[in-house]
Amino acid sequence: MDIQEQRQGNVMVLGPVGRLDSLSCRDFEARLLGALNESKAVLVDCTGLEYISSAGLRSLLVAAKQARAASSQLALAALRDNPREVFEISGFSAIFAIHATVEEALASFT
Numbered sequence: 001m002d003i004q005e006q007r008q009g010n011v012m013v014l015g016p017v018g019r020l021d022s023l024s025c026r027d028f029e030a031r032l033l034g035a036l037n038e039s040k041a042v043l044v045d046c047t048g049l050e051y052i053s054s055a056g057l058r059s060l061l062v063a064a065k066q067a068r069a070a071s072s073q074l075a076l077a078a079l080r081d082n083p084r085e086v087f088e089i090s091g092f093s094a095i096f097a098i099h100a101t102v103e104e105a106l107a108s109f110t
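Under the numbering used here, the first residue of the sequence shown is numbered 1, with each subsequent residue one higher.
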């Protein structure tokens with residue numbers, strides 16, 4: 001998995017590309033937690049995310065807990081069909097702010 005990274009104003013945007021599974025979740029989690037330490041606003045752009053496993057969901061949950069404890073903002077955007085279905089079935093869609101587009105997500109940060 002590749003993780004694209006860019007800053008949009010005060011928002012750090014991370015874009016995982018490929019599969020977020022047990023093989024890649026540790027690197028992604030470390031980068032996501034690092035982004036939350038660097039920035040009070042982090043967006044996960046899921047445009048390139050093809051698949052997410054329970055290990056990937058766990059990485060996001062750890063980040064959500066850290067964001068909440070630090071009063072940071074964490075959002076997701078542009079979920080493809082397969083990952084969106086996993087989020088809905090697991091109930092994670094109720095935990096995260098999920099936006100249809102990156103632009104919509106960026107506009108939601110305060």
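Where a beta carbon is used, it is the ideal one built from N, C-alpha and C, also for glycine.
Under the criterion of beta carbons closer than 8 Å, Phe109 and Ala35 do not qualify as touching, at roughly 13 Å. By the Cβ neighbour-count rule, Glu5 is exposed, with fewer than 16 other Cβ atoms within 10 Å of its own. Taken atom to atom, the span from the alpha-carbon of Leu106 to that of Cys46 is near 13 Å. Gly48 and Met12 have their C-alpha atoms some 17 Å from each other. Each of Asn82, Glu103, Val102 was checked against the Cα of Leu20, and the nearest Cα belongs to Asn82.
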